[in-house]
Amino acid sequence: MLKEILVSKAMTYEYPPDGGTVPIIDPYDGCTVGCPYCFQLEDEEWNIDLKVKLNIADILQDELMNWNKEDTVYLGSKCDPYMEIDRKYQLTRKCLIELSKLNMKCMVTTKAGSKLIYRDLDVIKAMGDKFTLLLGLSNLHQLKKIDDCALISNIQTANELHRMGVRVWAFITPILPGITNVELMMNALDKDIPVFLDRVRLKKDTKPAMTLESFIDKHHPELANQYQDIIYNDVDIYYDQVREKWSGDQRVRFVFE
1 MLKEILVSKA MTYEYPPDGG TVPIIDPYDG CTVGCPYCFQ LEDEEWNIDL
51 KVKLNIADIL QDELMNWNKE DTVYLGSKCD PYMEIDRKYQ LTRKCLIELS
101 KLNMKCMVTT KAGSKLIYRD LDVIKAMGDK FTLLLGLSNL HQLKKIDDCA
151 LISNIQTANE LHRMGVRVWA FITPILPGIT NVELMMNALD KDIPVFLDRV
201 RLKKDTKPAM TLESFIDKHH PELANQYQDI IYNDVDIYYD QVREKWSGDQ
251 RVRFVFE
């Protein structure tokens, strides 16, 4: 169910496994992209309703007035800021405008593939090197439709925006054995786009683990044993092979390692 709400705070914080504090702006609470491996699924209350934070840009303006300009804020965690609903509400654009006014450093995380980011190029280009796009490539809706990685929508977006001068970092996170072919995806990306890699990190008997296992059973039954090994035995042979092959490549970073 869609709920339009007013908020009193724009910023929340997350605490990643490698330590530190990450300031997050979520124009929406909930997501329509539907990744079966999403860690947010651990929160039983998340994504029951899709909440639209109508006044978030106004709150953001006041909240960040005294923000340390050397710190980076992240746009998108409990939502994908470029999911289709933003076509109507444009809250992501409104937040970017406020961040631009304040000369803030900003990283936007998306894997939605909606192409809505092109709508905001005027704002993004004005932000210059203050802006970084974190573009996720493990979008299962895209991957199941196309065999040629050069035709994957998010890879095309990464290359196009990079060539326009937008700072783009690509994320193949998580690497999904039998689904995400890291070598083909790397080869389809422009060679100077940094690529971040990480394995499937799910605890057995949690909702994300059960959701991913159910997805594999339904759509890729031939991979069921492999994913049971990953989820229940913490054995990921393909990821180990990827790490061995790419660990010396200067453009590659392994998340949390």
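The sequence shown maps to residues 1 to 257 in the UniProt record's numbering. Even glycine gets a Cβ: it sits at the ideal position worked out from N, Cα and C. Keep in mind it's a predicted model, so treat the numbers as computed, not measured.
Use the C-beta contact count for residue i: other C-beta atoms within 10 angstroms, 16 or more gives buried, fewer gives exposed.
i, result
"residue 171", "buried"
"residue 120", "buried"
"residue 138", "buried"
"residue 187", "exposed"
"residue 113", "buried"
"residue 129", "exposed"
"residue 136", "buried"
"residue 64", "buried"
"residue 28", "buried"
"residue 117", "buried"
"residue 81", "buried"
Can you tell me whether residue i is helix, strand or coil according to DSSP?
i, result
"residue 231", "helix"
"residue 106", "strand"
"residue 176", "coil"
"residue 99", "helix"
"residue 258", "Beyond the ends of the chain as shown, which are 1 and 257, falls residue 258; an answer cannot be given."
"residue 58", "helix"
"residue 195", "strand"
"residue 28", "strand"
"residue 256", "coil"
"residue 23", "strand"
"residue 14", "strand"
"residue 4", "strand"
"residue 242", "helix"
"residue 41", "helix"
"residue 218", "helix"
"residue 223", "helix"
Taking the Cβ atom as the reference point for each residue, do residue i and residue j lie within a distance shorter than 7 Å?
i, j, result
"residue 37", "residue 212", "yes"
"residue 41", "residue 207", "yes"
"residue 209", "residue 216", "no"
"residue 125", "residue 72", "no"
"residue 204", "residue 227", "no"
"residue 251", "residue 195", "yes"
"residue 53", "residue 108", "no"
"residue 143", "residue 179", "yes"
"residue 152", "residue 146", "yes"
"residue 30", "residue 55", "no"
"residue 182", "residue 242", "yes"
Residues in its own chain within less than 6 Å of residue i by CB, not counting five upstream and five downstream?
i, result
"residue 190", "159, 162"
"residue 57", "94, 95, 98"
"residue 254", "197"
"residue 61", "98"
In its own chain, which residues sit with a C-beta less than 7 Å from the C-beta of residue i, not counting the 5 before and 5 after it?
i, result
"residue 14", "22, 24, 77"
"residue 100", "123, 126, 127"
"residue 68", "none"
"residue 83", "31, 32, 33, 112, 114"
Apart from the five residues on each side of it in sequence, which residues of its chain come closer than 8 Å, Cβ to Cβ, to residue i?
i, result
"residue 184", "149"
"residue 9", "59, 63"
In chain order, each beta strand (DSSP E) run of at least 3 residues that lies wholly inside the region 108–183: DSSP runs (the beta strand (DSSP E)) wholly in the region 108–183: 131–136, 168–172.
Please go through the region 69–94 and give each complete alpha helix (DSSP H) segment of 4 or more residues, from N-terminal end onward. Taking only runs of at least 4 residues, the alpha helix (DSSP H) segments lying wholly in the region 69–94 are 86–89.
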